[in-house]
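A quick write-up on the structure given underneath.
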Amino acid sequence: MATLLLPPRHYLNDGYGIKSWLLTRDHKRIGLLYLAAITLFFFVGGAMAVLIRLELATPVGDLVSDETYNKLFTMHGVMMVFFFLIPSIPATLGNFLIPIMIGAKDLAFPKLNLASWYIYICGGLFTLYALVAGGVDTGWTFYTPFSTVSSTTNVIPTALGIFVTGFSSILTGFNFIVTIHRMRAPGLTWFRMPLFLWSMYATSLIMVLGTPVLAVTILLVALERLFHFGFFDPAVGGDPVLFQHLFWFYSHPAVYIMILPAMGCISELVAAFCRKQIFGYSFVAFASVGIAVLGFLVWGHHMFVAGESVFASMIFSALSFLVAIPSAVKVFNWTATMYKGSISWQTPMLYAVGFIGLFTIGGLTGLFLASVGLDIHVTDTYFIIAHFHYIMVGGALMGYLGGLHYWWPKISGRMYPEFLAKLSAGIIFLGFNLTFFPQFILGYLGMPRRYHAYPPEFQVLNVLSSAGASILGVGYLIPMLYLMWSLRYGRIAGSNPWGAVGLEWTTTSPPPTENFAVTPIVTWDAYEYGTQVKDHVA
Amino acid sequence: MLPEATHDQHHPALAHQFDSLAAQSEATTLGMWVFLATEVLFFGGLFACYAVYRMWYPEAFAAASRSIDITLGATNTVVLITSSLTMALAVHAAQTGKRTLLMTFLVITMLLGVVFLGIKSVEYYQKFTEHHIPGPNFSFEDGKFNRHAQLFFSLYFAMTWLHAAHMIIGLGIMLTMLWWSWRGIITPEYYSPIEISGLYWHFVDIVWIFLFPLLYLIGRHAH
Chain L
19 MATLLLPPRH YLNDGYGIKS WLLTRDHKRI GLLYLAAITL FFFVGGAMAV
69 LIRLELATPV GDLVSDETYN KLFTMHGVMM VFFFLIPSIP ATLGNFLIPI
119 MIGAKDLAFP KLNLASWYIY ICGGLFTLYA LVAGGVDTGW TFYTPFSTVS
169 STTNVIPTAL GIFVTGFSSI LTGFNFIVTI HRMRAPGLTW FRMPLFLWSM
219 YATSLIMVLG TPVLAVTILL VALERLFHFG FFDPAVGGDP VLFQHLFWFY
269 SHPAVYIMIL PAMGCISELV AAFCRKQIFG YSFVAFASVG IAVLGFLVWG
319 HHMFVAGESV FASMIFSALS FLVAIPSAVK VFNWTATMYK GSISWQTPML
369 YAVGFIGLFT IGGLTGLFLA SVGLDIHVTD TYFIIAHFHY IMVGGALMGY
419 LGGLHYWWPK ISGRMYPEFL AKLSAGIIFL GFNLTFFPQF ILGYLGMPRR
469 YHAYPPEFQV LNVLSSAGAS ILGVGYLIPM LYLMWSLRYG RIAGSNPWGA
519 VGLEWTTTSP PPTENFAVTP IVTWDAYEYG TQVKDHVA
Chain W
2 MLPEATHDQH HPALAHQFDS LAAQSEATTL GMWVFLATEV LFFGGLFACY
52 AVYRMWYPEA FAAASRSIDI TLGATNTVVL ITSSLTMALA VHAAQTGKRT
102 LLMTFLVITM LLGVVFLGIK SVEYYQKFTE HHIPGPNFSF EDGKFNRHAQ
152 LFFSLYFAMT WLHAAHMIIG LGIMLTMLWW SWRGIITPEY YSPIEISGLY
202 WHFVDIVWIF LFPLLYLIGR HAH
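Protein chains in written order, with this note's numbering: chain L, 19 to 556; chain W, 2 to 224.
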C-alpha cells in the first residue's frame with residue numbers, strides 16, 4: 019500500500035496563529051472553535067455530575083449541604099443542556115459538514131457564523147460567572163415564583179447567559195436553513211441529500227422557531243425579578259403555570275434539537291458501515307420533519323401534575339404518543355438497513371448500534387411518561403432522570419461520539435487509534451447502563467429527584483449508579499485524550515478511509531479552505547453503495 | 002460561463018461563497034424572512050401572555066386600557082404607517098438607481114421613527130407621573146382593579162418597550178443604509194441591503210399594528 023500523505027494545502031495550514039482562528043470565517047475552523055468550547059463545558063457539567071453521584075453514594079447528606087446540592091444539579095443541567103447538548107452536533111459537525119455535504123464553499127453567512135460562536139462564549143462567561151459567584155439553585159427549569167421571588171442565588175446572571183446563548187443557537191439554525199435552501203450544488207435535489215442534512219434542517223426549524231419563545235420568557239422572569247413587574251406572580255393575578263407553558267414550549271422541542279442531529283449521524287453511520295442504501299430513505303427524511311413538527315405540540319406532558327386541565331392532559335398525552343411513530347420509523351429503518359448488510363464493526367458502528375438500543379429504551383420509557391396515570395406515579399422521581407438520560411446521553415451523546423469518530427479523519431486528516439476507540443465505546447456503553455438503568459428502578463420505587471439524602475433501602479442501587487458513573491467518566495476521558503494524540507501522531511487517513519459515498523469523501527482530508535477545487539455536479543442519489551462505486555470507478 | 006456571471010465576479014459586494022449577486026441577494030432575502038419568523042415567535046410569547054390574562058381579567062384590562070392616551074397612540078400609528086410608505090419608496094428609489102431620492106426617503110423614514118419614539122417617551126412619562134409603572138409604587142385609580150391592572154401595565158411596558166427597542170435597532174440599520182447609499186455602495190444591481198432593511202422596518206410596523214388595538218382599542222368602550 020502506498021504511503022498516504024496529507025494534502026499540501028488544507029484548511030488547517032491555511033494560516034497559523036491565534037488571529038487566523040479567532041477571526042476566521044471558515045465554517046470548518048468555526049466548527050472546531052465550537053468543538054473546543056463545548057468540550058470545556060461538557061467537562062465542567064460533568065464535574066458537577068461527579069459530585070452529585072459522590073454525594074448519592076451514601077443515604078445521608080454528608081459530602082455537600084442541601085443548598086450546595088441544589089446548585090450542583092442546577093448547574094449540571096444548565097451546562098449540559100444549553101452549553102453542551104444543544105450546540106453539540108449542529109455547531110460542530112453540522113458547521114463542518116453542511117457546506118461540504120452540499121458542495122458549497124461555505125455557509126450562506128460566514129460572519130454571522132463566527133458571531134454565533136462569540137455570542138455562545140459570551141453567554142457561557144455569564145453562566146460561568148454565576149457559578150463562580152456562588153451558583154444558582156432553581157433547577158435548570160427556573161420555575162416561578164421560586165426563580166422570581168424566593169431564590170437568593172445568581173438567577174439573573176445564569177438567565178442572562180441562557181438568553182444570550184439562545185441567540186447563537188438561532189443564528190446557527192438560521193444559517194443552516196438558508197444554506198440548505200440556497201447553496202446546494204447543481205443536481206443535489208432535496209431527495210438526493212444525505213439524511214444528516216434533513217435532520218439538520220429539521221433541527222434548525224426548531225432552533226429558529228422555539229428559541230425566541232424561551233428568550234422572551236427569560237426576559238419576563240428577569241423583569242419580574244429585577245423590577246417587580248407581574249407576569250407570573252399570583253399576587254397580581256398572574257399564573258406561574260403560564261411560565262411552565264412558555265418554558266416547555268421551547269424546552270420540550272429542545273429535546274429534539276438534541277436527538278435529531280444524533281439521528282442524522284446514525285443514518286450516515288449505518289449506511290456507511292452496512293454498505294447499503296438506507297431502507298426507506300424518504301420515510302426517514304420525513305420522519306425528521308415530522309418529529310420537529312409534532313415536537314412543538316407535546317409540551318403539556320411536562321405539566322400533568324401542575325394544575326393543567328384533565329382534558330388538556332389527555333390531548334397532550336395523545337399527541338406525545340404520536341411522536342413515537344416517526345421515531346419508531348427511524349429505528350425500524352436503521353435495523354432494516356442492517357439486515358443482510360455487509361456490516362463492519364468499526365468504532366462509529368459500535369456507537370450507532372449503541373444508539374439504536376439505548377434510544378429505543380429511552381423512547382419506550384417516554385411512552386410510559388406520556389400516559390397520564392403512570393406519569394403521575396413517577397413524576398419527579400428518578401424514573402424521569404433515567405428516561406431523559408437514555409435519550410440525551412444514551413441517544414444524543416452516543417450519536418455525537420459516533421459522528422465525531424466517523425468524520426474525525428475528514429476533520430483532522432488522521433485516524434484515531436481503533437483499538438482504544440472500540441475499548442472506550444464499550445466502556446461508555448457499560449458505564450452508561452450501569453449508571454442509569456438502576457435509576458429506572460429507583461424511580462419506580464419512589465425515590466424523588468433533586469434530594470441530597472434518601473432512605474437507606476435505596477443505597478445499593480445508588481451505589482451501582484455511582485459506580486457506573488465513574489466508569490462512564492473514564493470512558494469519556496479516553497476519547498478526549500486519544501483524539502488529541504491523533505491530531506499529531508495518528509495514521510494519515512487519505513480522502514476516503516471508510517470507502518463511503520457522499521460529497522464530503524470526494525474532497526481531501528483535511529479539506530481545502532474552499533472545500534472543492536471545482537463545484538461538484540451531483541447526478542446520483544444518497545448512499546448509492548454498490549452501484550455508485552461501479553459507475554464512478556469504471 | 003455566462004457573461005453576467007463573469008461580470009458579477011468583479012463586483013465588490015459579492016461574497017466568495019456565492020456564484021452570483023442574484024444568488025447572494027436571494028439568500029439574504031430568505032435569511033431575513035427566516036429571521037422575521039424568529040421575531041414573530043419572540044413577540045408571540047408576549048402575545049400569548051396577553052391573550053391569557055385578557056381572557057381572565059377583561060374588566061381590569063378595559064379599565065387600564067382607558068387610562069392610556071388614545072390620541073398619542075393613534076398619532077403614533079399614523080406616523081409609523083407613513084414611515085412604512087417612505088421606506089417602500091426608498092426601496093423603489095434604490096431599484097431605479099435614484100440615489101438622492103433614496104437618501105431623502107431614508108432620512109424621512111428615520112425622522113418619522115424618531116417622532117414615534119418621542120411620542121412614546123411622552124406616554125411613558127405620563128405613566129410614570131400617574132404611578133402606572135408596575136412594582137411597589139404602582140397604584141390604579143379604581144382600587145378594585147389595582148392588582149389586575151398591574152398585569153396589564155406589565156404587559157404594556159414589556160410589549161411597547163420591546164417594540165421600541167426594535168425601532169432603535171431599526172434606526173441604526175437605517176443610518177448604516179444612509180451611509181452605504183451616500184458612498185455609492187447601493188446600486189440598481191446591488192440593492193438587497195435596502196430591501197431587507199425595508200422588510201425589517203415593515204415587520205416592526207406590523208407589530209405596532211397589532212399592539213395598538215390590543216393595548217389601546219379593545220374593550221375601551223366596554224363598561
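C-beta atoms are modelled at their ideal positions from N, C-alpha and C, and glycine is treated no differently. Note that the structure is predicted; figures quoted are calculated from it, not measured.
Alpha helix (DSSP H) segment containing residue i, residue limits
i	result
L:Q295	Element bounds for L:Q295: n/a, residue is neither H nor E.
W:R100	R100 to T130
W:Y157	N147 to W183
L:H405	Y400 to H407
W:V282	Since the first and last residues shown for chain W are 2 and 224, residue 282 of chain W lies out of range.
W:T72	I71 to Q96
L:T92	D84 to V96
L:G64	H45 to E73
L:I510	Looking at the DSSP string, L:I510 is not in any alpha helix (DSSP H), and its letter there is neither H nor E.
L:L385	T365 to A388
L:Y161	Neither: L:Y161 is in no alpha helix (DSSP H) and is coded neither H nor E.
Neighbour flag for residue i against chain L, beta carbons, 8 Å
i	result
W:T177	no
W:Q96	no
W:Y192	no
W:T39	yes
W:F36	yes
W:Y165	Correcting the residue type first, residue 165 of chain W is Ala in the shown sequence and not Tyr. No - not a single Cβ of chain L is within 8 Å of the one on W:A165.
W:H17	yes
W:F62	no
W:E196	no
W:G171	no
W:G235	The first residue shown for chain W is 2 and the last is 224, placing residue 235 of chain W beyond what the model contains.
W:Y217	no
W:W209	no
Pair within 8 Å by beta-carbon distance, residue i and residue j
i	j	result
L:S168	L:Y418	no
L:L337	L:V316	yes
W:Y191	W:A14	yes
W:Y135	L:G256	According to the sequence provided, residue 135 of chain W is Pro. The question's Tyr does not apply to it. Result no, Cβ atoms of W:P135 and L:G256 do not sit closer than 8 Å.
L:T162	L:F101	no
L:P204	L:E286	no
L:F194	L:I116	yes
W:P59	W:G173	no
L:T355	L:C292	yes
L:T526	L:S483	no
L:T383	L:F322	no
L:G391	L:G413	no
L:T92	L:I56	no
W:A61	L:L264	no
L:T197	L:P108	no
L:V273	L:V347	no
W:S198	W:M178	yes
Local Cβ density within 10 Å of residue i, reported as buried at 16 or more and exposed below that
i	result
W:L212	buried
L:K37	exposed
L:R432	buried
L:E436	exposed
W:L112	exposed
L:P344	buried
L:D393	buried
L:I403	buried
heavy atom of the ligand ADP below 7 Å from residue i C-beta
i	result
L:G375	With respect to small molecules bound, the structure shown includes none, and the ligand ADP cannot be examined in it.
Min CB distance residue i to chain W below 8 Å
i	result
L:G33	no
L:R47	no
L:F61	no
L:G255	yes
L:H246	yes
Q | Residues, ordered as in the chain, of the segment 117-149 of chain W that lie near chain L by beta-carbon distance below 7 Å | A | Listed by position, the residues of the segment 117-149 of chain W near chain L (Cβ gap below 7 Å) are P135, G136, P137, R148 and H149.
Q. Got a sec: which bits of the segment 121-146 of chain L sit with their beta carbon under 8 Å from any beta carbon on chain W, in order along the chain?
A. For the segment 121-146 of chain L, the set of residues with a beta-carbon nearer than 8 Å to any beta-carbon of chain W comprises A122, K123, D124, L125, A126, F127 and P128, in chain order.
Q. When you check each C-beta in the segment 213-237 of chain L against every C-beta of chain W, which residues fall closer than 8 Å?
A. Listed by position along the chain: V226, L227, G228, T229, P230, V231, A233, V234, T235 and L237.
Q: Note down, in chain order, all residues in the segment 41-55 of chain W with a beta-carbon under 9 Å from any beta-carbon belonging to chain L.
A: Correct list: V41, L42, F43, F44, G45, G46, L47, A49, C50, V53 and Y54.
Q. What residues in the segment 194-209 of chain L have a beta carbon less than 9 Å from any beta carbon of chain W?
A. Residues passing the 9 Å Cβ filter: I195, V196, T197, H199, R200 and M201.
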